[in-house]
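A.B. asks:
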Amino acid sequence: MPARNHSASRLLVLTLLASGPSALAAASPASSPAGVAGTVTGAAPTPSPPGTRAPGAPTPGAVVQGEMAPLRVKPDSLGPVLDRPLLSLQPSSAKPGDPVVVTVRGAAGLPTGTLGGRPLRFFAWREGHLALTSLPVELPPGTQVVDVMAPGKGLPVALSGALEVLAPGYRERELRVASKYVSPPKAVKARMEADRKAFAAAFAQPFREPLFGQNFAWPRQDVVTAPFGDRRSFNGKLQSQHFGVDLDGDPGAPVVAANDGTVVMARDNYASGNTVLVHHGAGLFTAYFHLSRIDVKDGAQVKQGDGLGLVGSTGRVTGPHLHWGVKADDRWVDGQTLLKLDFFGAQETPGVAVSSPELANP
Ligand SMILES: [Zn+2]
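Under the working numbering, the residues of the sequence shown are numbered 16 to 377, in order.
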């Protein structure tokens, strides 16, 4: 039975820690307001291992800028500058493998910061600033610290918050597939390597602002036959984890774009079969695997709800279904959490799906 999600608009406004100018000066003597808010060009982001602080950011709230080139901010698009900018996180409590949205409102310019030591990439968004990141799937339960430095009315303001990470409860599954997918023939290895390179090229998109004008929606309305995170063994051998959400579907049923974006892959791959990848900006991609037919071309601009192809059973499958993958900040994440994220204030997230654990398609 369809159940609409009402938690979309829930935001946890975090307690905020505003350091005075003297504390800030002690933590970061080289920083002046202009220095913190100023643009730093150059190197690509350097991801840090989870739970560690980024190099050059030894103090909570210290600036990690300089490791990434921030997007240009249009000052006239920002809301009012607050004495104490507001920091909020979605989801309010998370599990490993979740996407996370960090929002700052009331800053005078582009904030910088980290979540669990991983640098956040803020961009101007509506009346504030937003960064989209993700939690590693192997992260143990506990608290992840968010440290942000936000340009304020005078000196920059240090904000901090905590994200509670709960145990995910991922299932263990035994699946049977054709043996060529567990022990690929030698001739197939070159093809799989070419697939790997094609995925890497498709994901190597320059960082840009979001291309979407609404929250994410299901790529088809059907039963979830396998959630994100299942730990699987194929034919009692290959161990892997399920980095997507499987949706049931008859062969030939339509598959649509979960949101606006650009097609960056339309390709027949060995394991994922006929595959479409859509880039949504903000470091966010959605993936559609095992299609019987692809209806879009590489480079096509798509809108939410546009047809991408048809449900099929190409690649490593036990039967026809749609494998829907989501990548955020360079990690596969749970699409069901993405659907709950509200990028647009109080708007409700569209889409419906029902979990049905007794069915099991990879
Ligand atoms: Zn799947």
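For every residue, glycine included, the Cβ atom is placed at its ideal position computed from N, Cα and C. Remember, it's a predicted structure, so these values are computed and weren't measured experimentally.
1) Going by the CB atoms, is the gap between T290 and A273 shorter than 8 Å?
2) At a cut of 8 Å, does the segment 302-313 reach the segment 333-345 through at least three beta carbon pairs?
3) Between the Cα of H294 and those of P242, E224, T240, spot the shortest distance and give me the residue it belongs to.
4) Can you tell me the Cβ-Cβ gap for D349 and G276, rounded? I've got them flagged as a contact below 8 Å.
5) Evaluate T67 with the Cβ neighbour count: other Cβ atoms within 10 Å of its Cβ, from every protein chain shown; 16 or more gives buried, anything less gives exposed.
6) For A182, which of K110, W347, P200 has the nearest alpha-carbon?
7) Closest to G128 by CA distance: which of A122, G121, F137 is it?
8) With H, G and I counted as helix, E and B as strand and the rest as coil, what does DSSP make of K195?
9) Look up P65 in the DSSP assignment and say whether it is helix, strand or coil.
10) For the pair the segment 111-123 and the segment 134-149, tell me if three or more CB-CB distances fall below 8 Å.
11) Considering only residues of the same chain and omitting the five flanking positions on each side of P100, which have a CB-CB separation below 7 Å?
12) Just reading off the beta strand (DSSP E) that D261 is part of, what are its end residues?
13) Ligand 1 and D313: does the residue's C-beta get closer than 7 Å to at least one heavy atom of that ligand?
14) For ligand 1, is there a heavy atom less than 7 Å away from the beta-carbon of G259?
15) Based on the DSSP output, what are the partners of K318 in its beta bridges?
16) Whole angstroms are fine: how far does the CA of G334 sit from the CA of A286?
17) Does DSSP put F359 in a helix, a strand or coil?
18) What are the boundary residues of the beta strand (DSSP E) that E179 is part of?
19) Ignore the nearest five residues each way along the sequence and tell me which others in D91's own chain have a CB closer than 6 Å to its CB.
20) Based on the DSSP secondary-structure assignment, which residues constitute the bridge partners of T127?
21) Does the distance from the C-beta atom of R235 to that of V271 stay below 8 Å?
22) With hydrogens ignored, establish whether the beta-carbon of H295 is closer than 7 Å to any heavy atom of ligand 1.
23) Give the secondary structure of V311 by DSSP, where H, G and I count as helix, E and B as strand, and everything else as coil.
24) Is the separation between the beta-carbon of V317 and that of L325 shorter than 8 Å?
25) Can you give the Cα-Cα distance for L150 and D113, rounded to whole angstroms?
26) Where does K312 land, buried or exposed, given buried means 16+ other C-beta within 10 angstroms?
27) Could you pull out every unbroken alpha helix (DSSP H) segment of at least 4 residues lying fully inside the segment 183-239, listed in chain order?
28) Does the distance between the C-beta of A109 and the nearest non-hydrogen atom of ligand 2 fall short of 7 Å?
29) Quick one: measure Cβ to Cβ for L262 and H336, integer angstroms, because I've assumed they're closer than 8 Å.
30) Under the rule that 16 or more other beta-carbon atoms within 10 Å means buried, what is S103, buried or exposed?
C.D. replies: On the basis of the supplied data:
1) Taking the sequence shown and counting its residues from 1, the one referred to as residue 273 is at position 258. Taking the sequence shown and counting its residues from 1, the one referred to as residue 290 is at position 275. Contact: no.
2) Contact between the segment 302-313 and the segment 333-345 is present: three or more C-beta pairs spanning the two stretches fall below 8 Å.
3) Locating residue 294 in the sequence shown gives position 279, where the first residue counts as 1. It is E224.
4) Numbered from its first residue, the sequence shown carries residue 349 at position 334. Numbered from its first residue, the sequence shown carries residue 276 at position 261. D349 to G276, Cβ: 19 Å. No contact.
5) Here the question's residue 67 lines up with position 52 in the sequence shown. Its pLDDT being 38, under 50, T67 is placed unreliably by the model, and nothing is read from it.
6) Counting from one through the sequence shown, the residue named residue 182 turns up at place 167. Checking every option, the nearest Cα to that of A182 belongs to K110.
7) The residue labelled residue 128 in the question sits at position 113 within the sequence shown. Of the candidates A122, G121, F137, F137 places its Cα closest to the Cα of G128.
8) Position 180 of the sequence shown, counted from the first residue, corresponds to residue 195. The answer is helix: DSSP assigns K195 an H, G or I state.
9) By one-based count along the sequence shown, residue 65 stands at place 50. Residue confidence is low: P65 scores 38 on pLDDT, short of 50, so the model does not pin down where it sits. No coordinate-derived value is stated.
10) yes
11) Position 85 of the sequence shown, counted from the start, is the residue given in the question as residue 100. So the qualifying residues of the chain are V119, R120, G121, A122, A165, G167, V172, L174.
12) On the sequence shown, position 246 is the one that residue 261 refers to. D261 -> beta strand (DSSP E) spans 260-263.
13) For the purposes of this step, residue 313 is identified with residue 298 of the sequence shown, where counting begins at 1. No, the Cβ of D313 stays beyond 7 Å of every heavy atom of ligand 1.
14) By one-based count along the sequence shown, residue 259 stands at place 244. At least one heavy atom of ligand 1 is nearer than 7 Å to the Cβ of G259, so yes.
15) Looking up residue 318 in the sequence shown gives position 303. Checking the DSSP bridge columns, you'll see K318 has no partner listed.
16) Taking the sequence shown and counting its residues from 1, one reaches residue 286 at position 271. Taking the sequence shown and counting its residues from 1, one reaches residue 334 at position 319. Going by the C-alpha atoms only, they are around 13 Å apart.
17) In the sequence shown, residue 359 corresponds to position 344, counting from 1. The answer is coil: DSSP assigns F359 none of H, G, I, E or B.
18) Numbered from 1 along the sequence shown, position 164 holds the residue referred to as residue 179. Per DSSP, E179 belongs to the beta strand (DSSP E) from 172-180.
19) Position 76 of the sequence shown, counted from the start, is the residue given in the question as residue 91. Since pLDDT at D91 reaches only 47, below the 50 mark, its modelled position is unreliable, and the value read off the structure follows with that caveat. Around D91: no qualifying Cβ.
20) Within the sequence shown, numbered from 1, the residue matching residue 127 stands at position 112. DSSP, once it has assigned bridges, lists M164 as partnering T127.
21) For the purposes of this step, residue 235 is identified with residue 220 of the sequence shown, where counting begins at 1. For the purposes of this step, residue 271 is identified with residue 256 of the sequence shown, where counting begins at 1. In this structure, V271 lies closer than 8 Å to R235 by Cβ.
22) Here residue 295 is taken as the residue at index 280 of the sequence shown, counted from 1. Result no, Cβ not under 7 Å from ligand 1.
23) Against the sequence shown, residue 311 aligns to sequence position 296. Here V311 sits in coil by DSSP.
24) The sequence position of residue 317 within the sequence shown is 302, counting from 1. The sequence position of residue 325 within the sequence shown is 310, counting from 1. Cβ distance not < 8 Å, so V317 and L325 don't count as in contact.
25) Residue 150 sits at position 135 when you count from the first residue of the sequence shown. Residue 113 sits at position 98 when you count from the first residue of the sequence shown. Using only the alpha carbons, I get a separation of about 6 Å.
26) As a first step, residue 312 must be located in the sequence shown, where it is residue number 297. Exposed, since its Cβ has fewer than 16 Cβ neighbours within 10 Å.
27) Counting only runs of 4+ residues, the alpha helix (DSSP H) found wholly inside the segment 183-239 occupies 201-218, in chain order.
28) This structure does not include ligand 2; its bound ligands are ligand 1.
29) Counting from one through the sequence shown, the residue named residue 262 turns up at place 247. Counting from one through the sequence shown, the residue named residue 336 turns up at place 321. That pair is a contact at about 6 Å.
30) Start at 1 with the first residue of the sequence shown, and residue 103 comes out as number 88. Buried, because 16 or more other Cβ atoms sit within 10 Å of the Cβ of S103.
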